[in-house]
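Numbering (my numbering), first residue to last: 9 to 70. Inspection log for the structure reproduced underneath, given as structure tokens.
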């Protein structure tokens, strides 16, 4: 069934309603990375708007 899905998600139904989804490992990893990116973006935005003065650094400082 997974091979036949050609990389698409597979819905598991109970009484014709989706109760779970099967996704490929590649899709799962992309979803996790996207969620990590979104969380990091929210952290960056919160810190940029916290009222504190920015600190200048160079790449060499890092």
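From the three backbone atoms N, C-alpha and C, an ideal C-beta is built for every residue, glycine too. These numbers were taken from a predicted model, which means no experiment stands behind them.
Fewer than three Cβ pairs drawn from the stretch 48-56 and the stretch 23-34 lie within less than 8 Å of each other, which leaves the two stretches out of contact.
Rounded to whole angstroms, residue 18 and residue 44 show a C-alpha spacing of 24 Å. Distance check between residue 13 and each of 23, 30, 47 places 30 closest, using alpha-carbon atoms only. Taking C-beta separations shorter than 8 Å and ignoring five residues to either side along the sequence, the partners of residue 20 in its chain run 26, 27, 28, 29, 30, following chain order.
DSSP places residue 52 outside any beta strand (DSSP E); the residue lies instead in the alpha helix (DSSP H), whose first and last residues are 33-56.
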